[in-house]
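Plus 436 on top of the position in the sequence shown (first one is 1) and you've got our numbering.
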Amino acid sequence: MSETLIPNIIEFMAAVDPFDKLTPKTLRDVAGMITIRYFGKGEVIDLQESDQLYLLRTGAVEQRNLDGTLRARLAAEDFFGFSRLTQAETNTASDPYTITVIEDALIYCLPINALLLKLKDQPDALAHFGSHAQSRLQSGLNVVWSQHEKGLFFKPIIDVLNSQIVLVESTQTIQAVAKAMRVNANSSCAFIMQNNQFVGLITDKDMTKRVVAEGIPTTEMITAVMTENPYSVKRGDLVITAAALMMQHGIKNIPVVDNGIPIGLITPSDLVQNHRIQAIFLIDKINKIERLEQLAKLTIERQAIFEALVEAKVAIGVIGQVMAMIMDAYNRRLVVMAEVYLGAAPCDYCWIVAGSHARNEVHMLSDQDHGLILADNATEADKVYFHHLAMYVSKGMALCGYELCSGRFMAVTHKWCQPLAVWKTYYQKWAINPEYDLLLEMSVFLDSRYITGNPQLVNDLQACMCQQLVHNARVISALARNALLQKPPLSIFRNWVLVKEGENANTLDIKSAALSIIVNLVRVQYLQLIAQLFTTDGAVVYKANTEERLQLLLEHKVINEATFKDLLGAFQFISQIRYSHQLQALQQGKIPNNHINPNAFNSFERTHLRETFKLVTSYQEIMKMKFC
């Protein structure tokens, strides 16, 4: 090793766990052991006879099992070669796998035996290189999930919640509540109720910090120290939703609430301590990132999670929801980073997302659709601030792999960064004249969802939107006609109707061919239902997800069970085709798209796609008679 290179190596390794734990002398000695090797994209690294541990300085490699399934994808600061360490310790053979370079890589090679000998007096560092060390290194992304892990995190919360909870009244004293927690269920928290509604939460740690430490008399009412309106989940939410809330907000007790009544509790001991899922760890990493370039480096982990979800045949709705949670985390973190960079926001605001992101139907091609709702007291100077904030977030999302919207439906566009009153006029204008460009704008922002800021702003806007839909047959009809413009790509002779020209000639556009049609037509019927519910209830909980909308249409008898099963099956089957196509592109190092060569379909896929397209065509005919 050239002495001139060692200072540079030491500087790099000093920031890599576990070398950051070494004494300067030991780190210098370890750096002197290194052999530097360069591998070009596509090269396969043979580990069969290797006695080396590999540390990636630059570039990326991919580990795959012999059956071709993805084992892990590694980038700068990641290690591989642990199988030799495990073999040496346990005298057993490890599962074979291949290592392929997917980005030109500069790699530091460390002799295993010499490294272990050098670290024998440094147990904290040595522990990272013992048996199963790879599973403990957060930097190594293992995307092979066990059936138990998938079963736990993708279950509905109702299946795993702790139903032993303590309910107390808001009129009770702190002392009475503490006694109830001890006597009734020896619980770590209590749910405070008022007029049969859940209004707050108190934990044993809150009792210590807010009561004992502050010297609050225990004769005070519990409402003086409780957490008001805590984050909560519903019985049908996925367990991963609760785990993500814990990571995002640093909380340890998540109430499970059903129609305002607590029915259980989710705690970290139920989830994270004994189970591992990479989506949760990625969200945790995102929430702790301080610099934009660090955030952008996590893109490869997001891709690996998508690949693992698709390869594991996880339910379509779950894939979209998990990928949306990750996209949410990027979006929220960038807003926080923008405020750190620009200073605190000058007035209330709400960041909303639209399109597939709002519907929790995110995939590897999902781009940015978003807007900023400002408080009505926002000044022109305030608008300048929020334009810069939107620029920061939009560029940051693009660096993290989320493309800018080609139609400019983004908060960085002045039209979509406006006070609440202006947003309301948009919906009023769309409702009066739902034609041409106005119809397109309305279609994008009919599916919107809160991300961060003051949620009351988006709640007020959605209430305004529902008011514009009540008794407005013209809007519903215009949206229906728009949804009927695109036809499934199947001729009367059951032949494929392909894209005729351009770089995607002779392919099927799986998005516009069927997915968009189903999404748009289901939305039309859902909006009509919302208008009816709004007139009777005065308020509704707006749903954007296509599968949830179908479920509501069934529950309110807008569609029968046969139609529900047909449409849900069609939506899920075509989504699976799209996900599988994107997965294959990623595995081949290509940029994924929605255009599929029909020759790539097997017999099963061809038959079921034709049947699905026929079903969509029949659904269009029904909707045409109903709304047009």
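Cβ coordinates follow ideal geometry from the N, Cα and C atoms, glycine included.
Is the Cβ-Cβ distance between residue i and residue j less than 9 angstroms?
{"i": "A626", "j": "I638", "result": "yes"}
{"i": "H1031", "j": "L944", "result": "yes"}
{"i": "Q1071", "j": "I697", "result": "Given that the chain is displayed from residue 437 to residue 1064, the structure contains no residue 1071 and the question cannot be resolved."}
{"i": "P609", "j": "V635", "result": "As written in the sequence, residue 609 is Thr, which differs from the Pro given in the question. Taking 9 angstroms as the Cβ cut-off, T609 and V635 do not qualify as a contacting pair."}
{"i": "C545", "j": "L491", "result": "yes"}
{"i": "L810", "j": "Y838", "result": "no"}
{"i": "L808", "j": "L770", "result": "no"}
{"i": "T663", "j": "D642", "result": "yes"}
{"i": "L489", "j": "I442", "result": "no"}
{"i": "A511", "j": "K733", "result": "yes"}
{"i": "I593", "j": "D673", "result": "yes"}
{"i": "C900", "j": "Q854", "result": "no"}
{"i": "V1052", "j": "I954", "result": "yes"}
{"i": "I538", "j": "V497", "result": "yes"}
{"i": "N908", "j": "A967", "result": "yes"}
Three-state secondary structure (DSSP) at residue i?
{"i": "R795", "result": "coil"}
{"i": "P891", "result": "helix"}
{"i": "H1031", "result": "strand"}
{"i": "E439", "result": "coil"}
{"i": "M1061", "result": "helix"}
{"i": "F1049", "result": "helix"}
{"i": "P924", "result": "coil"}
{"i": "N665", "result": "coil"}
{"i": "D540", "result": "strand"}
{"i": "F455", "result": "helix"}
{"i": "G495", "result": "strand"}
{"i": "Q987", "result": "helix"}
{"i": "Q600", "result": "coil"}
{"i": "E726", "result": "coil"}
{"i": "L840", "result": "coil"}
{"i": "D870", "result": "Reading off the sequence, residue 870 comes out as Pro, not Asp. Reduced to three states, the DSSP call for P870 is coil."}
{"i": "D415", "result": "Residue 415 falls outside the range modelled here, since the chain spans only 437 to 1064, and no answer is possible."}
{"i": "K640", "result": "The question names Lys, yet the displayed sequence has Asp at residue 640. DSSP places D640 in helix when its eight states are reduced to three."}
{"i": "L734", "result": "coil"}
{"i": "F515", "result": "strand"}
{"i": "D557", "result": "coil"}
{"i": "Y821", "result": "helix"}
{"i": "E605", "result": "strand"}
{"i": "L770", "result": "helix"}
{"i": "L957", "result": "helix"}
Starting from the Cα of residue i, find the closest Cα among the options and give me that residue.
{"i": "M759", "options": "L778, T735, L770", "result": "T735"}
{"i": "L1004", "options": "F1037, Y1055, N1035", "result": "Y1055"}
{"i": "I472", "options": "I445, V613, V635", "result": "I445"}
{"i": "A941", "options": "M901, N1033, L965", "result": "N1033"}
{"i": "S842", "options": "K819, Y863, K831, D805", "result": "D805"}
{"i": "Q739", "options": "G753, L718, K749, A790", "result": "L718"}
{"i": "W787", "options": "R795, N767, E797", "result": "N767"}
{"i": "K1001", "options": "Q1024, N1038, T1048", "result": "T1048"}
{"i": "M1059", "options": "P1028, T999, G791", "result": "T999"}
{"i": "E479", "options": "I470, V466, Q499", "result": "Q499"}
{"i": "A1006", "options": "V776, A914, A949", "result": "A949"}
{"i": "F475", "options": "N869, D453, A541", "result": "A541"}
{"i": "D465", "options": "T536, L551, G753, G504", "result": "L551"}
{"i": "N1035", "options": "K645, V693, L1045", "result": "L1045"}
{"i": "E1057", "options": "L957, I966, P1028, A967", "result": "L957"}
{"i": "I1072", "options": "M629, I601, Y777", "result": "Any answer about residue 1072 is impossible in this case: the structure gives the chain only from 437 up to 1064."}
{"i": "A765", "options": "A774, K947, W866, I722", "result": "I722"}
{"i": "V911", "options": "R959, A614, T536", "result": "R959"}
To which residues does DSSP link residue i through a beta bridge?
{"i": "V758", "result": "None; V758 has no bridge partner."}
{"i": "C902", "result": "Its beta-bridge partners do not exist; DSSP assigns none."}
{"i": "S884", "result": "A790"}
{"i": "Q630", "result": "Q633"}
{"i": "P653", "result": "DSSP lists no partner for P653."}
{"i": "N501", "result": "Y533"}
{"i": "V693", "result": "P698"}
{"i": "L810", "result": "Y785, P855"}
{"i": "Q488", "result": "P547"}
{"i": "I472", "result": "Y544"}
{"i": "P592", "result": "L674"}
{"i": "D945", "result": "H1031"}
Spell out whether any CB of chain D is found under 9 angstroms from the CB atom of residue i.
{"i": "G938", "result": "Protein chains in the displayed structure number just one, and chain D is not present."}
Consider the C-beta atom of residue i and the heavy atoms of the ligand COA; say whether any pair is separated by less than 8 angstroms.
{"i": "D465", "result": "Looking for the ligand COA in the displayed structure turns up nothing, as the structure carries no ligands at all."}
Quick check: the segment 1008-1022 against the segment 984-998, are there 3 or more CB pairs under 8 angstroms?
-> no
Cβ pair count under 8 angstroms reaching 3, the segment 912-921 against the segment 843-851 = no
Decide yes or no for the touch test of the segment 1021-1031 against the segment 792-803: beta carbon pairs closer than 8 angstroms, at least 3 of them.
-> yes
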